[in-house]
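Each protein sequence line maps, in turn, to chains P and U. Going by our numbering, the first sequence opens with residue 147, and the numbers climb by one from there. Going by our numbering, the second sequence opens with residue 453, and the numbers climb by one from there. Built from N, CA and C at the ideal position, the CB exists for glycine as well.
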Amino acid sequence: MSDAVSDDRPTHFQEPRLATRRGGRLRVPGHVLVASAAALAGLLALTITGNTLRPFDRIVTIEAKMASKSDFFRDPEVQRLLLREHGIRVDVHRLGSRGIATHSFAGMDVVFPSGQPAAKLVLDQQKRSVRSSRPFVTPLVLGTFRDYAKTLERAGVAVPQPAGNGETLYYDLDMRKFQNLLDGVDGPRGAGDGSGSTADTWNGIGFDDISSHSNSGRVLVRTSDVCESNAAGTYLSILAFVANGNRTPGTENTSSAQSAGDRVTALAERIRPFINLQGMWADEQADSYFSDLGESIAPISLIYEHQYLAHQIAYQDKHGEQDTERVLLYPSPYALTEPQLISLTEKGDRLVEVMDNDDRLRERAVELGFRVRAKGEDDTRKQLDAYLSGHGIQVPTENPDRTKVFEPDLDVLEKIINHVGNCPPPEGDTP
Amino acid sequence: MRALTALLAMALLASLTSSCTSDDDIALRVLAGPELADIEPLLDELEEDTGIELKMEYEATADLAGQPPASGDSPYDLAWLASDRSFLLRLQERLASGDRVTRPESTSIMRSPVVIGLAPDVAKELRDRVPGGRLTWADIADAAADGAVRFGMADPRRSDTGRAALVGVATAAAGTGSALREQDVSCDRLRGFRSGQTLTGSSSRDLIDTYLDHQDEANALIAHESELLSLNATGEPAEPLEIVHPEDGMVLSDFPLLLLDPGKRSAYRKVTDWLLGADAQRKLMERTHRRPVNQDVRPEPRLRAAVGNALSFPDRLSVVERLVADYGDPLRRTADQVVFLLDFSTSMRGERMAQLRAAFAGLSGADETSTGKFARFYRGERITVVRFGGRVLEERTVTVRGDADLRALEEIVAEGAFDDATAVWSALDRGYRVATAAVREEPGQPVAVVLMTDGESNAGIAYEEFLRRRRALGAEAADVPTFPVHFGEADAAALKRAATATGGRMVDANGSSLSDAFKEIRGCH
C-alpha cells in the first residue's frame with residue numbers, strides 16, 4: 147500500500163484502485179462517480195495514514211526479471227517489508243533464468259537468475275561493474291509422490307532417509323542407477339529396470355504392484371525448457387557429470403580444443419534422451435507438482451528444495467501435519483543452486499543493498515524454505531534446519547555421498563544445453 | 453500542511469485520470485477459443501472488480517496461426533486458448549530458424565483433461581469386452597473399427613481441443629510410454645479409430661451443438677471433461693454421457709491466458725491475479741466444471757476423480773503436423789485398400805501357416821494388445837487377398853462391413869491349398885493390377901501392397917519384367933508402395949530392392965512374428 151504519491155508513476159497510485167476493488171458490486175454508473183468515490187477514499191486513506199508517513203516520500207517501483215525466485219518477491223510478507231521499511235515495490239516479470247540471460251534487459255532494474263550459470267551469462271554482458279547479491283542457496287531436487295518413491299526404492303535406485311516416526315519425506319537418489327531407468331533401453335543387467343517393451347516404464351519396475359494405480363509411461367523427469375531455465379540446465383550438468391564418470395565435463399586433458407569439443411558433444415548426445423523422451427517441456431513445474439492433479443501431470447518433476455519446503459511449511463500451517471504424499475528425491479551427486487540478484491540501474495542498486503543488509507528479509511527467506519548463509523558463517527543449513535524442526539517438519543539429512551556436481555565451465559555447459567535443447571542463439575541487447 | 457494539500461490535489465488528479473483513461477479502466481481485445489465462451493458471464497464481475505473489460509472474439513484456432521510473435525502483427529492484446537502447445541512449437545520453429553521472437557507471457561487459468569463421453573449402453577458394452585472393465589483409447593479404437601463406437605471430435609486442423617485429442621489417441625497408439633517422435637508417426641495408426649468418426653466441428657463447442665441436433669448419429673464425444681459435464685448439466689442429451697478417463701492416459705489442457713501485446717502487461721497482471729483468486733477460481737469451477745489451479749480451492753467431488761496419467765505432448769511441430777495431415781478432413785470418408793500377396797508354396801505348411809492364420813485372426817480383431825487394437829481391419833476398409841505359388845491361386849476382395857466379411861478373409865487363408873513353386877514377381881504384378889484398378893475407381897484413396905513370401909522366386913516373370921509392367925500401368929501404380937514381409941528363406945536383398953523401387957519398406961518377420969510384421973506396416977504410406 148502506498149503512503150504517498152509516486153511521482154515517477156502517477157497512475158500507480160495505490161489507494162484509489164483498492165477502493166474501486168472494494169466497491170466491487172457497484173454497477174458502474176459513470177466514470178465520474180467512481181473517480182470521485184475513489185478520490186474520496188484516497189483522501190481518507192491519506193488523512194488516516196498521514197501521520198505515519200515513513201521518511202521516504204516516494205515509492206520506487208523496481209522492474210525485475212526473474213524465474214522461480216519470484217516466489218520470494220511475491221511473498222506478501224516480503225512485499226510488505228520492502229514497501230514499509232524501504233519504500234520499494236518489485237514488479238516481477240517472469241521468465242526462465244537462462245531466458246533472462248539470453249533475452250534483452252531493456253527496461254529492467256534488476257534480474258534475478260536462479261543459478262550461477264545464468265548469472266554469469268548476465269554478468270558477462272555488462273559493460274560496467276555491477277552490484278549484486280547472493281542472498282541464499284537451495285539444492286536442485288526431484289519432487290515425486292510416495293508410491294513412485296517406493297517403486298524407485300524397490301528398484302534399488304532410491305534410499306529413504308531415516309524419519310524419527312512416521313513416513314519419511316526424503317529419499318536419496320542414486321543418479322548413476324537412475325540414469326539406467328531414464329535411457330529407455332532394456333538394460334543388459336536386466337535387474338531393476340523391467341524388461342522387453344515395459345523396460346524403463348513405471349509398471350515395468352513394479353509401480354502397479356505398489357500402487358492401486360497403473361502407469362505404463364516411461365520413467366521420466368519433467369523439466370522446464372532447457373533453453374530457458376536454470377533448473378533444467380543444472381539438471382543437465384548433473385546428468386553430464388554422472389555420465390562422464392563423476393567428472394566435470396570439459397576438464398579432461400586432451401591434446402586439442404577440437405577433440406575436447408567433440409567429447410563434450412558426444413556426452414551431450416548421450417544424455418539428450420534423458421531430457422527429450424519427455425516430449426514437450428512444461429513451464430512452472432512447481433505449480434503443477436503441488437496442484438491437485440500433480441501426480442497425474444508428472445510422476446517426477448524437477449523443482450528446487452525451497453519450493454518443496456515452502457509447500458510443507460504452508461501445509462503444516464493449514465492442516466497441522468506434513469503432506470506425506472509428496473516426497474523429495476535428493477539426487478546424489480547433488481547440485482546446489484545459488485541465485486544472484488544483479489542490479490542494472492541505480493534503483494536496482496538500492497534493492498541489492500536492502501537484500502544484503504535487511505536481517506528481517508533474510509529471516510523471511512528461511513521461512514520460505516531457503517538456505518541462508520548467516521553473517522560471518524559458511525554454514526547454510528543451520529537456520530533452515532532449526533526453523534523446520536521448530537515447525538514440525540522433518541529435517542532433510544545431509545546426503546551420505548558428499549559428491550557435489552561441479553558445474554562445467556560456462557562455455558561447456560552452454561554447448562551441452564544448446565546441443566540437447568537445439569536452442570536458438572541468444573538475443574542480446576546489441577545486434 | 454501545504455505539502456498535504458498538494459498531495460491531496462495530486463491524489464484527486466491521479467484517481468480521476470486513472471479511473472478514466474489509465475489501465476484501471478480499459479478494454480482488452482482477446483482472441484479466444486470458442487471453448488471459452490462459457491466464461492463470458494464471469495467477465496462482468498471481472499470488469500466490476502478490476503475495471504478491465506475483456507472483449508472476447510471467438511475464433512477456432514489450433515495454434516494462433518497469424519498471430520504474433522510467431523507471425524505478423526495482431527490486433528489482439530491477449531489470447532485465451534485451451535492450450536498453447538501448438539503455438540509454442542510453432543514459435544520454437546521460428547526461433548530455431550534464427551528469427552528473433554519473444555515467447556509471450558502465459559498463465560494457466562484452469563485445467564481439464566481431454567476425455568471421452570460414452571452413451572451409457574455403449575459404455576457398458578465396451579466395459580464388458582475388457583477384463584477389469586477399465587477402458588483405454590485402444591479399446592475405443594477397437595470399437596470404432598468394428599462400428600460399436602460412432603464418435604464426434606473437433607477438427608484437429610482447426611481446434612486445439614481436437615488436436616489435443618488426436619495427440620492423446622496417437623500417443624496411446626504408439627504405445628511407447630513417452631511422447632511421440634518422428635518414427636512413431638511415420639505410419640498412420642489411426643485409420644481404424646478414424647473410421648468411427650461421424651461428427652465434427654471447428655471447435656468442441658461447435659461439435660457439441662452439432663451433436664445436440666444429431667444425437668442419433670453418434671454415441672460418443674471426445675472433448676474436455678468440463679465440456680461433457682456442462683453438456684450433461686443442460687439435460688439436453690437423451691441420456692447423460694458417461695465420462696471415461698482412458699487408462700492409457702490423456703492430454704491435459706490448462707487454458708492459458710497469453711499476453712500478445714507486452715504494452716498491456718499491467719492490465720494483464722490484474723486480470724490474471726483476479727482469475728487466479730480463490731473467488732474467481734471457485735466460480736469457474738462451479739460454472740464451467742474446469743478444475744481449479746488455485747490450491748486453496750477444493751475441487752467439487754466429481755472433479756476430484758483421478759484423471760489418469762497425462763500424456764506428454766511431442767516436442768516437434770513436424771510430428772504434430774504429420775498427425776494432423778494424416779488424419780485429414782474428419783468428414784471425408786476414405787477407405788484404404790490393402791492388397792495382401794500371400795505365399796502358399798509348400799514350404800509355408802505347418803508352423804509358418806499357423807503364424808499366417810494367427811496374424812489374420814489378430815488383424816480381424818482377436819489381437820488383445822493395445823497396438824493390435826489400433827492396427828486391426830476396420831469397417832469400410834477393402835482387403836484383397838491374393839494366394840500364390842507358381843502362379844496366382846486365388847484372388848478375393850472383401851469390403852469389411854461386419855464379422856461375416858472378416859470370417860470370409862480368415863477362410864481364404866485357412867483353407868487354401870499349397871503349390872510347389874514360388875512366383876514372387878508374377879504375384880506382385882497381379883497385386884499392382886488390382887491396386888491400379890482400385891486407384892482408378894477412387895482416385896486419392898490410399899492403396900498399399902503387402903508381399904509376404906518365405907522363399908526365392910523360382911517361377912513366373914523376372915523382377916525386371918515386373919518393373920517394366922508396373923511402369924506401363926502409369927501414374928496410378930506409381931504411388932502405390934509395396935511392403936515386403938521377409939519370412940523364412942526369402943531373398944531379403946531382392947525384397948528390399950522392390951520396396952525401394954516402389955517407395956515402401958521391407959519388414960523382417962523372422963526376428964519377431966508375422967503378426968508383428970503385419971502390424972508394423974499397417975497404415976504406412
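- By the 16-neighbour rule on beta-carbons within 10 angstroms, Val331 of chain P is exposed.
- Beta bridge pairing from DSSP links Gly926 of chain U with no other residue.
- Note that the C-beta distance between Gly760 of chain U and Met702 of chain U is below 8 Å.
- Comparing C-alpha distances from Gly522 of chain P to each of P:Asp502, P:Tyr533 and P:Ile539 shows the shortest one belongs to P:Asp502.
- Between Ala961 of chain U and Phe935 of chain U, the C-beta gap is not smaller than 8 Å, which leaves the two residues out of contact.
- The residue among U:Val745, U:Pro766, U:Ile504 and U:Ser535 with its C-alpha nearest the C-alpha of Lys722 of chain U is U:Ile504.
- Leu487 of chain P is a Cβ neighbour of Ser278 of chain P, given a cutoff of 8 Å.
- Residues of chain U with a Cβ closer than 7 Å to the Cβ of Ile443 of chain P are, in chain order, Leu704 and Ala762.
- Gly629 of chain U is positioned such that its CB atom lies no closer than 8 Å to that of Ala597 of chain U.
- Put simply, the backbone Cα of Thr290 of chain P is about 59 Å away from that of Leu919 of chain U.
- Look at the beta carbons and you see the segment 554-564 of chain P not touching the segment 311-331 of chain P: under three pairs across the two are nearer than 8 Å.
- Looking at the DSSP output, Trp532 of chain U sits in a beta bridge with U:Ala484 and U:Leu709.
- Sequence-ordered contacts of the segment 723-750 of chain U with chain P read Arg743, Val745 and Gln747 [C-beta pairs closer than 7 Å].
- Distance check between Thr798 of chain U and each of U:Asp881, U:Leu480, U:Ala624 and U:Phe840 places U:Phe840 closest, using alpha-carbon atoms only.
- For Thr297 of chain P, there are no neighbours in chain U by C-beta distance under 9 Å, as the nearest C-beta there is about 14 Å away.
- From the beta-carbon of His249 of chain P, the residues of chain U found nearer than 8 Å are Thr554.
- Scanning its chain for C-beta atoms nearer than 6 Å, with the 5 sequence neighbours on each side dropped, one finds around Arg828 of chain U the residues Ala597, Gly644, Leu815 and Gly817, in chain order.
- Between Pro708 of chain U and Asp408 of chain P, the alpha-carbon positions lie close to 41 Å from each other.
- For Pro608 of chain U, the closest Cβ of chain P is not nearer than 8 Å.
- Membership of Val206 of chain P in the beta strand (DSSP E) is indicated by the continuous run Val206 to Met212.
- Taking the C-beta atoms as reference points, Gly956 of chain U is found no nearer than 8 Å to Arg641 of chain U.
- Under the criterion of beta carbons closer than 8 Å, Arg633 of chain U and Val771 of chain U qualify as touching, at roughly 7 Å.
- Interface with chain U (8 Å Cβ-Cβ cutoff): Thr347 of chain P is included.
- Nearest Cα to Val551 of chain P within the set P:Ser478, P:Leu497 and P:Asn361: P:Ser478.
- Within the DSSP secondary-structure output, Pro698 of chain U pairs in no beta bridge.
- Here Glu553 of chain P has Gln262, Pro263, Thr380, Ser383, Thr394, Ala481 and Leu559 as same chain residues with Cβ atoms under 8 Å from its own Cβ, once five neighbours each way along the sequence are excluded.
- Around the beta carbon of Lys273 of chain P, a 10 Å sphere encloses fewer than 16 other beta carbons of the protein chains shown; the residue is thus reported as exposed.
- Under the DSSP assignment, Val937 of chain U falls outside any alpha helix (DSSP H), being part of the beta strand (DSSP E) whose first and last residues are Thr934 to His938.
- Its chain contains Gln307 as the residues whose beta carbon lies nearer than 6 Å to that of Thr543 of chain P, once the 5 sequence neighbours on both sides are disregarded; these appear in chain order.
- The C-beta of Gly363 of chain P comes closer than 8 Å to at least one C-beta of chain U.
- Identification of chain P residues near Pro753 of chain U by a Cβ-Cβ cut-off of 9 Å yields none; the smallest Cβ-Cβ distance measures about 12 Å.
- Of all alpha-carbon atoms in U:Ser558, U:Ala631, U:Arg615 and U:Pro895, the one lying nearest the alpha-carbon of Asn422 of chain P is that of U:Ala631.
- Per DSSP, the continuous alpha helix (DSSP H) segment holding Ala950 of chain U begins and ends at Ala944 to Thr954.
- Closest by C-alpha distance to Leu475 of chain P, out of P:Ile208, P:Arg519 and P:Ala295, is P:Ala295.
- Unbroken alpha helix (DSSP H) runs of no fewer than 4 residues, entirely contained in the segment 501-585 of chain U, are found at 537-548 and 572-581, following chain order.
- If you check the CB distance, Val886 of chain U and Val745 of chain U do not come in under 8 Å.
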